[in-house]
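Participant: So that we are looking at the same thing, I have put the structure below in structure tokens.
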Amino acid sequence: MTTVIKLLACSLVLSSSLCSGQHTARKLWTVSLQNASDSAGSTQSTFEGTRHVAILGDRVVALTVPRFGTGLPAQLYSLAIESGKTVTTVDIPSKGNPLLFTTANDRVIVGHYDLQQFTNDLKKTAVAFSEPGHGRTVTISPDGTTLVREIAPGNEFIDTETLLNIGERLPIFVPVSAGANFLITDNVHWISDYPKDRSFVTLLDAEGRQHLLYHGDCAGRPSVLNNDRILFTGCGNVTVLDTSGKRIFEKQMSCKTGEFAGVSRSGSRFAIACERTRGFDPSYVSSETFDIYDALTGAVMATIKSEAVPEQRSWTAFSSDGKQFVCGTPSSLSLYEIQ
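Residues -25 to -1, 1 to 314 in mature numbering (1 follows the signal peptide of the UniProt record, and there is no 0) are what the sequence shown spells out, letter by letter.
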């Protein structure tokens, strides 16, 4: 009887992990946000996949951006985590393609050039930023303590609790990810020193010094997991380094070209998106799955298949402890529990 129950469960869960002794992902709910038809069907890019939804305490907060040319505002939603029901919404100016950043104290910062902090029930706090001469807010540290904003020239670290500058202005650099006191880039400016290599991962520390962590053929876009570890995918593998460049582990992915899809603030779990695409110029996504990894061991804990195929990349976010994972699009947003 136990075997029959387990076989039935293996056919129903959204990952094969129960059958292999791993964890499983249990879906808690799926909802369609109001006015989903007026919103962009997913994200503008794979980078923005982790910049439109957040799990904050007893709420899921989502930011929808209108389709180009509609003239509509962006909308911020606060959903009850137990049901997915919309509790409240707030209109946001859509100028500058606003993004959502999750802070260390379970709040969100919304914007791109101008910034406003909200609680998880969408009440504005006194923390805001609007000042001419500053560029885009480009990324945030995984622990939620530090934003990175472009200035002319260079970049600066911003405290998420105050939106005030931390430390010195950094030199011109094109960050793709950040820790609390360093930036990471995949810029290829080292190629004159290593002409046979195609991939580079560089760390810029708080004093403006560059440290080459990796050079070779197998590094895609690098992402910070925590203030000690950095991840990149390439050649069918996911690789994790420490901030000195020492390799912690390398694991084969379930797909050849997986991409980073978020990390919990605790740094305990991260996700890799695997897509199948069809067509060419433009191509489109035909299926999408997310492998949930243990960040310490590199073991896959569960695999979640997207119910609605996105235009480019589904939204994704972890709870702070990594035990819940939200993914999807405005018309089909789902919350999962990683068991």
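Glycine residues also receive a C-beta, built at the ideal position from the N, C-alpha and C atoms. In this text, all values refer to a predicted model and were calculated from it rather than measured experimentally.
1. Between Glu250 and the rest of its own chain, which residues show a CB-CB distance below 6 angstroms, the 5 nearest in sequence each way excluded?
2. Beta carbon of Leu90, beta carbon of Ile67: below 9 angstroms?
3. From the DSSP output, which residues share a beta bridge with Arg124?
4. With a CB to CB cut of under 6 angstroms and the five nearest residues on each side skipped, what residues in its chain are close to Leu145?
5. Are the CB atoms of Leu178 and Ile205 nearer to each other than 9 angstroms?
6. Going by other Cβ atoms of all chains shown within 10 Å of its Cβ, with 16 needed for buried, is Pro257 buried or exposed?
7. Is residue 319 helix, strand or coil when you go by DSSP?
8. Going by CA-CA distance only, name the one from Ile247, Val113, Leu75 and Val6 that's closest to Gly273.
9. With H, G and I counted as helix, E and B as strand and the rest as coil, what does DSSP make of residue 398?
10. Taking C-alpha atoms, which residue in Ser294, Val301, Ser239 and Phe132 lies nearest to Lys280?
11. Considering only DSSP beta bridges, list what Arg253 is partnered with.
12. Just to confirm, are Gln9 and Tyr52 a CB contact at a threshold of 9 angstroms?
13. Among Tyr189, Gly154 and Ala236, which one has its Cα closest to the Cα of Ala181?
14. Using CA coordinates, which residue listed in Thr114, Ser69, Pro305 and Arg124 is at the minimum distance from Thr45?
15. Just how far apart, CA to CA, sit Ala101 and Asp134?
16. Considering only C-alpha positions, which residue in the set Leu54, Gly191, Val149 and Leu187 is nearest to Ser309?
17. Less than 7 angstroms between C-beta atoms, sequence neighbours within five positions excluded: which residues of the same chain meet that for Thr94?
18. Looking at Asp296 and Thr278, is the spacing between their C-beta atoms short of 9 angstroms?
19. Rounded to whole angstroms, what's the CA-CA distance from Gly(-5) to Ile166? Just pull it up for me.
20. Spatial neighbours of Gln299 within its chain, please: C-beta separation below 6 angstroms, excluding the five flanking residues on both sides.
21. Out of Cys193, Leu271 and Asn201, state which residue places its alpha-carbon closest to the alpha-carbon of Gly233.
22. Specify the secondary structure class of Gln9 as computed by DSSP and reduced to three states.
23. For Tyr189, which residues does DSSP report across the bridge?
24. Using alpha carbons as the reference points, say which of Thr304, Ile159 and Leu74 lies closest to Phe207.
25. Of the residues Phe43, Val40, Val65 and Val113, which one's Cα is nearest the Cα of Phe76?
26. Measuring CB to CB, does Asp161 end up less than 9 angstroms from Gly195?
27. Is Cys210 a contact residue of the ligand PLP, with contact defined as CB to any heavy atom under 8 angstroms?
28. Using a Cβ-Cβ cutoff of less than 6 angstroms, which residues in the same chain neighbour Val238 once the five nearest sequence positions on both sides are dropped?
29. Is DSSP giving Tyr88 helix, strand or coil here?
30. Which partner residues does Val102 have in the DSSP bridge list?
31. Can the beta-carbon of Trp290 be found closer than 9 angstroms to that of Thr5?
32. Give the single residue among Lys226, Glu286, Ser294 and Gln227 whose Cα lies nearest to the Cα of Gly254.
33. For Ser198, which three-state DSSP category applies?
34. Need the endpoints of the beta strand (DSSP E) that Gln287 sits in, please.
35. With 16 other CB atoms within 10 Å as the buried threshold, where does Ile84 fall?
Facilitator: On the basis of the data shown:
1. The residues are Val260 and Glu263.
2. No. Outside cutoff.
3. The beta-bridge partner set that DSSP reports for Arg124 consists of Thr112 and Glu131.
4. Apart from sequence neighbours up to five positions away, the residues of its chain that approach Leu145 with a beta-carbon distance below 6 angstroms are Gly129, Asn130 and Gly183, ordered along the chain.
5. The answer is yes: Cβ separation under 9 angstroms.
6. With fewer than 16 Cβ atoms within 10 Å of its Cβ, Pro257 is classed as exposed.
7. Any question about residue 319 goes unanswered here, given that the chain covers just -25 to 314.
8. Checking every option, the nearest Cα to that of Gly273 belongs to Ile247.
9. Given that the chain is displayed from residue -25 to residue 314, the structure contains no residue 398 and the question cannot be resolved.
10. Per the Cα distances, Val301.
11. Looking at the DSSP assignment, Arg253 forms a beta bridge with Tyr259.
12. In terms of Cβ geometry, Gln9 and Tyr52 form a close pair [threshold 9 angstroms].
13. It is Gly154.
14. Measuring from the Cα of Thr45, the nearest candidate turns out to be Ser69.
15. Looking at the two C-alpha atoms, the distance is approximately 14 angstroms.
16. Nearest option by C-alpha distance: Leu54.
17. When the five nearest sequence neighbours on each side are left out, the beta carbons in the same chain lying within less than 7 angstroms of the beta carbon of Thr94 are those of Arg82 and Thr100, in order along the chain.
18. Their beta carbons are not under 9 angstroms apart, which means Thr278 does not touch Asp296 by this criterion.
19. Note on Gly(-5): pLDDT 46, under 50, position unreliable in the model; no value is reported.
20. Residues Ile30 and Glu312 of the same chain have their beta carbon placed closer than 6 angstroms to that of Gln299, with the five preceding and five following residues left out of the count.
21. For the options Cys193, Leu271 and Asn201, the alpha carbon positioned closest to that of Gly233 is the one of Cys193.
22. Correct three-state label for Gln9: coil.
23. In the DSSP output, where bridge partners are listed per residue, Tyr189 has Val176.
24. Comparing C-alpha distances from Phe207 to each of Thr304, Ile159 and Leu74 shows the shortest one belongs to Ile159.
25. Per the Cα distances, Val113.
26. In contact: Asp161 and Gly195 (Cβ atoms closer than 9 angstroms).
27. The ligand PLP is not part of the structure shown, which contains no ligands of any sort.
28. Listed in chain order, the non-local C-beta contacts of Val238 below 6 angstroms within the same chain comprise Pro117, Leu200 and Phe245, local neighbours out to five positions each way being set aside.
29. In the three-state DSSP reduction, Tyr88 falls in the coil class, being neither helix nor strand.
30. Bridge partners of Val102: none, in fact.
31. It is not a contact, given that the beta carbons lie outside the stated cut-off.
32. With distances taken between CA atoms, Gly254 lies nearest to Glu286 out of Lys226, Glu286, Ser294 and Gln227.
33. The DSSP-derived three-state label of Ser198 is strand.
34. Segment: none, Gln287 is in no beta strand (DSSP E) and carries neither H nor E.
35. By the neighbour-count rule (16 or more Cβ atoms within 10 Å), Ile84 is buried.
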